[in-house]
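This report refers to the structure that appears directly beneath it.
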Amino acid sequence: MILRRIAICAGALASLATTPSQAQDEQAQRPNFLLIVFEDMSPHIGAYGDPVAQTPVLDAFAGDSVLYEAAFTTAGVCAPSRAALAMGVPQESIGAQQMRVASGVALEDGSRLPYAAVPPPYIKAYPELLRRAGYYTSNNGKTDYQLAMSHTGGPFTIWDDSDAPHPWRGRAAGQPFFAMVNIMETHESWTFPPDLAPDAHPMAARLGAQLREALTGRPQIHDPADVVVPPYLPDTRLVRAELAQMLDNIYYYEQTVARLLAELEEDGLADNTIVIVTTDHGDGIPRAKRSLYDSGLHVPLMVRWPDGHGAGTRDGQLVSFVDIAPTILQLAGEEVPQWLAGRTFLGSETGPERGYIYAAMDRHDEQRDFARAVRDDRWKYIRNYEPQRPFFRHLGFRDMQRSMQELWRLHEAGELPPRIEQYFTAPRPEEELYDTWADPDEMANLAQDPRYVRELERMRDALARHQQRFDDQSVGGELAMVKRMWPQLEQPVTQAPEIVQGEAGLVRLASPTPGASIGYRVDGGAWKVYVDPVALAAGQMFEAKAVRYGFAESAITQVIGQ
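Following numbering that gives the first Met the number 0, the numbering of the sequence shown begins with 0 at its first residue and continues without gaps.
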């Protein structure tokens, strides 16, 4: 297994990076990166051919960009997808595949234990690798990578600022930056009924109140009569209203993109910043979000080059979310670690085009599942390892949606057509095969059709090869996985770093915990990621701490400069 074979020690990781001073000297050659990630949004953009969506900002951006027509996430739900995006490997290979680890694994006594995924020690989030190379890295609060026991937080070494008030204005003068900006207002919760009772679902009720406030005085842009209702949803008044509101949210909050682009111009950074716009997965509607169908995996992806290269063109190559990490590292001039699962898909040194993309579906909150998918440019194969569970089951958060409520109402009344009712029945098929050219909504399962046995076998083989390459941590169950990562079901603790003061005031750090990342600060300043020895003046207070991903942080050690 590749993830078993390759091990990179802390010293080798440090060698991947230049020092911050070198990075600043090379600013003219080192591009900035602005990665804008909408939530819960399929390609509802006019430039992608959506016949209803009004998206003037994103359409204009597409005209200045390369538009990727076949980009896919690795999961149809946010935290696992974001884990793969940040780490550059399939989420199921590092224990980050359940939605969410903060919801907790079910224990034998029926209680739940929140945990954090523990990747192999040599795997680092690519923003941390950029930070080691001298980049300023920032995020605006969405750090849901499954590496901590909460929806936010995580290893402190990944970001200079994980809740940045502005994407790049906190950096040092001349420092290159990588900034991730998450646009949260397109999330499924922003289509929940604004009058939800607080006891319906506490988080949903709070989000509904935010929506009600946001809707005040806001004109409706999309007429519910004009929306396209997908064949996996019932065509009712409430469903149409929800879909229209979803499109309205995109229309109003694409303005964030316009603002950020304007600020790049104002700050004189547009000529050296690569801007990438995508989403964390597909639509936040039933049978899209939390699924392995294209409605949950296919996402927009547009890349604007500073020099206008490829502006207005379209690219049909298959792109997976795991391709973003090696691509950005390559463009930044950094060595691409061999353990990364993806390929460089743009720039001057692209890798061979991929033949397949892969995706995983596991537990969603309180409901277990285990399914895997593979897709080429035409065929989609899904393997359901727990077919005894119907696709639609009661899920507290999703049940707040008007569309889901309509599905339950019509199901209980026996009024759903067979094409939709199938999602409530069990067992569901162990195998699914779809011709996405003839059936883009993936409604007609061809797995039992003898005419397509060759395609079925080829896709089975492709999935098997992927599973041989990466250890799937869902095999054997979630509890067994957590016991491997957390012996005795207790979070491991990172050992405190060792501090050695040498000649000329140089301070060297090391952690006894394999794979730990080390941070330091001087006189109570901001935490920095440790790469090379640090010069410390006499009397200065030097503090250091370490964290291995998924472990608890170490205690802080400190010395006074001599």
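Where a beta carbon is used, it is the ideal one built from N, C-alpha and C, also for glycine.
Predicted, not measured: the structure shown is a model, and the values here were computed from it.
For my contact list, residue i and residue j are in at a C-beta cut-off of 8 Å; report their separation, rounded to the angstrom.
i, j, result
"glycine 549", "leucine 146", "6 Å"
"leucine 535", "valine 499", "Between valine 499 and leucine 535 the Cβ distance is about 11 Å, and since that is not below 8 Å, they are no contact."
"serine 402", "isoleucine 284", "6 Å"
"glutamine 316", "phenylalanine 344", "7 Å"
"leucine 263", "threonine 272", "6 Å"
"alanine 570", "glutamate 91", "The structure shown has nothing for residue 570, since the chain only spans 0 to 561."
"valine 238", "leucine 232", "5 Å"
"glutamate 552", "threonine 512", "About 11 Å separates the two Cβ atoms, so there is no contact after all."
"glutamine 69", "aspartate 376", "Looking at the sequence itself, residue 69 is alanine, so the reference to glutamine does not match. Their Cβ separation, rounded to whole angstroms, is 7 Å, which keeps alanine 69 and aspartate 376 in contact under 8 Å."
So, is residue i buried or exposed, given that buried needs 16 or more other C-beta atoms within 10 angstroms?
i, result
"lysine 544", "buried"
"valine 474", "exposed"
"arginine 418", "exposed"
"arginine 450", "exposed"
"glycine 538", "exposed"
"glycine 94", "buried"
"isoleucine 323", "buried"
"isoleucine 559", "exposed"
"alanine 61", "buried"
"threonine 424", "exposed"
"leucine 488", "exposed"
"aspartate 282", "buried"
"aspartate 368", "buried"
"arginine 303", "buried"
"glycine 501", "exposed"
Leaving aside the five residues before and after residue i along the sequence, list all residues of the same chain whose C-beta is less than 8 Å from its C-beta, in chain order.
i, result
"methionine 148", "Val100, Ala101, Pro113, Tyr114, Ala115, Gln490"
"glutamine 466", "Arg371"
"threonine 312", "Val65, Leu66"
"proline 223", "Arg236, Arg239, Ala240, Leu242, Ala243"
"serine 80", "Thr72, Thr73, Ala74, Gln90, Asp279, His280, Phe320"
Using CA coordinates, which residue listed in the options is at the minimum distance from residue i?
i, options, result
"alanine 132", "Ala331, Arg374, Thr151, Leu317", "Ala331"
"aspartate 63", "Gln97, Pro305, Thr142, Ile498", "Pro305"
"serine 347", "Gly309, Ile249, Glu429", "Gly309"
"valine 228", "Ala240, Thr556, Pro154", "Ala240"
"proline 166", "Arg258, Asp58, Glu441", "Arg258"
"arginine 520", "Pro513, Pro532, Thr512, Gly514", "Pro532"
"tyrosine 125", "Asp247, Ile157, Met399", "Ile157"
"tyrosine 134", "Val104, Ala358, Ile44, Ala171", "Ala171"
"tyrosine 252", "Asp49, Thr54, Ala479", "Thr54"
"methionine 458", "Gly354, Lys482, Gly560, Ala425", "Gly354"
"alanine 46", "Pro193, Met301, Phe71", "Met301"
"alanine 292", "Ile356, Gln97, Asn271, Ile327", "Residue 292 is actually tyrosine in this sequence, not alanine. Minimum Cα distance to tyrosine 292 is reached at Ile356."
"alanine 78", "Thr349, Asp364, Arg483", "Asp364"
"proline 299", "Arg29, Pro42, Gln28", "Pro42"
"aspartate 159", "Gly476, Glu334, Gly524", "Gly524"
"glutamine 96", "Asp471, Phe541, Phe390", "Asp471"
"arginine 452", "Pro439, Asp434, Glu441", "Note on residue identity: the sequence assigns valine, not arginine, to residue 452. Nearest of Pro439, Asp434, Glu441 to valine 452, Cα basis: Asp434."
"glycine 350", "Ala554, Trp485, Gln329", "Gln329"
"proline 193", "Glu441, Lys482, Glu212", "Glu212"
"alanine 105", "Val492, Asp438, Pro513, Lys482", "Lys482"
"arginine 388", "Pro426, Glu411, Glu414, Val373", "Pro426"
"glutamine 400", "Ala52, Glu187, Asp440, Gln421", "Glu187"
"phenylalanine 390", "Asp58, Asp448, Arg362", "Arg362"
"leucine 246", "Asp49, Asp448, Ser553, Phe155", "Asp49"
"valine 274", "Ser553, Ala52, Pro30", "Pro30"
"glutamate 127", "Lys527, Trp338, Asn139", "Lys527"
"leucine 84", "Trp485, Arg342, Tyr250, Arg286", "Arg342"
"arginine 286", "Gln421, Asp460, Asp266, Pro513", "Gln421"
"glutamate 107", "Ala515, Glu502, Leu478", "Leu478"
"aspartate 314", "Lys288, Asp58, Glu352, Leu296", "Glu352"
"tyrosine 144", "Met86, Arg130, Ile122, Pro120", "Met86"
"arginine 130", "Gly267, Ala208, Ile327, Ile182", "Ile327"
"arginine 464", "Val373, Lys123, Thr136", "Val373"
"proline 416", "Arg392, Gln561, Met442", "Met442"
Keeping to the same chain, check which residues put their C-beta closer than 6 Å to that of residue i; ignore five residues upstream and five downstream.
i, result
"serine 290", "Gly75"
"glutamine 244", "Thr190"
"valine 88", "Ala340"
"arginine 397", "Met403"
"proline 118", "Ile93, Tyr548"
"isoleucine 555", "Glu542, Lys544"
"valine 180", "Ile35, Asn139, Pro166"
"proline 325", "Val335, Leu339, Gly341, Thr343"
Please return the same chain residues whose Cβ sits closer than 7 Å to the Cβ of residue i, not counting the five positions on each side in sequence.
i, result
"isoleucine 517", "Pro496, Leu508, Ser510, Tyr529, Ala543, Ala545"
"threonine 142", "Thr151, Gly152, Gly153, Ser161"
"alanine 446", "Pro428, Glu430, Glu431, Leu432, Leu455"
"alanine 52", "His43, Ile44, Gly45, Leu246, Ile249"
Three CB pairs or more closer than 8 Å across the segment 268-280 and the segment 36-47: yes
Hey, is the segment 173-191 in contact with the segment 215-222, meaning 3+ C-beta pairs nearer than 8 Å? no
Check whether the segment 429-442 touches the segment 371-391, taking contact to mean three or more Cβ pairs, one atom from each stretch, closer than 8 Å. yes
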